[in-house]
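Student:
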Amino acid sequence: MAFARLLAGLLAISGSVLAQSSTSYTDPDNGITFQGYTDAITDVTYGFVFPAGSDSDDEFIGEIISPVTNQWVGIALGGTMLNNLLLVAWPYDDTVVYTPRYATSYTLPTLYTGPTITALPSTSVNETYWKFVYRCQNCTDWIGGSIDLTSTNSTLAWALSTVAVDDPADPDSAFAKHTDDGAFYENYYAAQSADYYNYA
Ligand code: HEM
2 MAFARLLAGL LAISGSVLAQ SSTSYTDPDN GITFQGYTDA ITDVTYGFVF PAGSDSDDEF
62 IGEIISPVTN QWVGIALGGT MLNNLLLVAW PYDDTVVYTP RYATSYTLPT LYTGPTITAL
122 PSTSVNETYW KFVYRCQNCT DWIGGSIDLT STNSTLAWAL STVAVDDPAD PDSAFAKHTD
182 DGAFYENYYA AQSADYYNYA
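Residue 2 is where the sequence shown starts when you use the numbering used here, and the numbers rise one by one after that.
Spelled out as C-alpha cells, the structure:
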C-alpha cells in the first residue's frame, strides 16, 4: 500500500506538482462547495469550507466520503497525529458516529472537549459509501495548534482503518491503530466562502 501510494505520488508529480493539493468541488447531495481532496488509492474524499474573511468564527463545515470498507476515518487538522485536534467518524446503522480526539503519544487518542460537532442532514450511509457532513464549532484552535486561514498549503493528515471500532454506538469507543494514513495540502485561503452561513 505504501509503495502503491509512493508510485501514485511519483506519477502525480510527473503530471502536476499540485496533484496532492486540495481543489474546489461541489457536492451534488448538499450543494456545498468544498475545498477538498480525494485520495486516489483509498477513494476517500475530505472537504472543508470556512466562513469568509475572518478566522474569529472558529468553525467550519467538513465532509468525509468513504467506501464502506473503511470502518473508521479520521483527520488530523494540524497535519500530524500528536498534539492536534483529531476528528474521527464511522458508520453505525444508517448514520455516522463522530468523536473529537487528542493524542500526546502514539496510542489510542482520548476524547477532546471543546469542539461542538453537529451532523448535517446530508450525512448518509448506503451499500457502497458513507458520508459524514458536519459543522465543527470551536474547531480552529486547540491545545498546541490552530488553522491558519491565510495559508494556501497547510498539511492536513488523515488516517483510516478497515477494522471496526470496538463499540460503534459509543463515541468514546476504543479502536486499533489505523491500517493506512497519509496527508495532502489544504488550501484554507480558498476554502473561505461567502455562502457559509447558508450552508450551516
Ligand atoms: C489506537 C489508535 C492509534 C494508534 C495506536 C496510532 C499509532 C500511530 C503510530 C505508532 C504512528 C507512527 C507511524 C506508524 O507506526 O505508522 C502513527 C502515525 C500517524 N497517526 Fe496514528 N494512531 C492511532 C490513531 C490515530 C488517529 C485517530 C488519527 C487521526 C485522526 C491518527 C493519525 C496519524 C497520522 C496522520 C500519522 C502519521 C503522521 C504522524 O506521525 O503524525 N492516528 N499513529
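Ideal Cβ positions, reconstructed from N, Cα and C, are used throughout, including at glycine.
Measure the CB-CB distance between Val89 and Pro110 and report whether it falls below 9 Å.
Tutor: Yes, Cβ-Cβ distance for Val89 and Pro110 is below 9 Å.
Student: In the stretch 129-191, which residue ranges form an unbroken beta strand (DSSP E) of at least 3 residues, counting only runs that do not cross its ends?
Tutor: DSSP runs (the beta strand (DSSP E)) wholly in the stretch 129-191: 130-138, 155-162 and 181-187.
Student: Consult DSSP for Tyr93 and reduce its assignment to one of helix, strand or coil.
Tutor: Correct three-state label for Tyr93: strand.
Student: Might you give, ordered along the chain, the residues of its own chain that have their beta carbon closer than 8 Å to the beta carbon of Ala175, omitting 5 neighbours on each side?
Tutor: Leu109, Val166, Asp167 and Asp168, listed in sequence order.
Student: Where does Tyr198 sit, in a helix, a strand or coil, going by DSSP?
Tutor: Residue state, collapsed to three classes: helix.
Student: Cβ of Glu187 within 9 Å of Cβ of Thr151?
Tutor: Going by C-beta atoms, Glu187 is not nearer than 9 Å to Thr151.
Student: Hey, would you say the C-beta of Ala192 is under 8 Å away from at least one heavy atom of the ligand MG?
Tutor: Within the structure as shown, the ligand MG is missing, the only ligands being the ligand HEM.
Student: Does at least one heavy atom of the ligand HEM sit under 8 Å from the Cβ of Gly75?
Tutor: Yes - the ligand HEM has a heavy atom lying nearer than 8 Å to the Cβ of Gly75.
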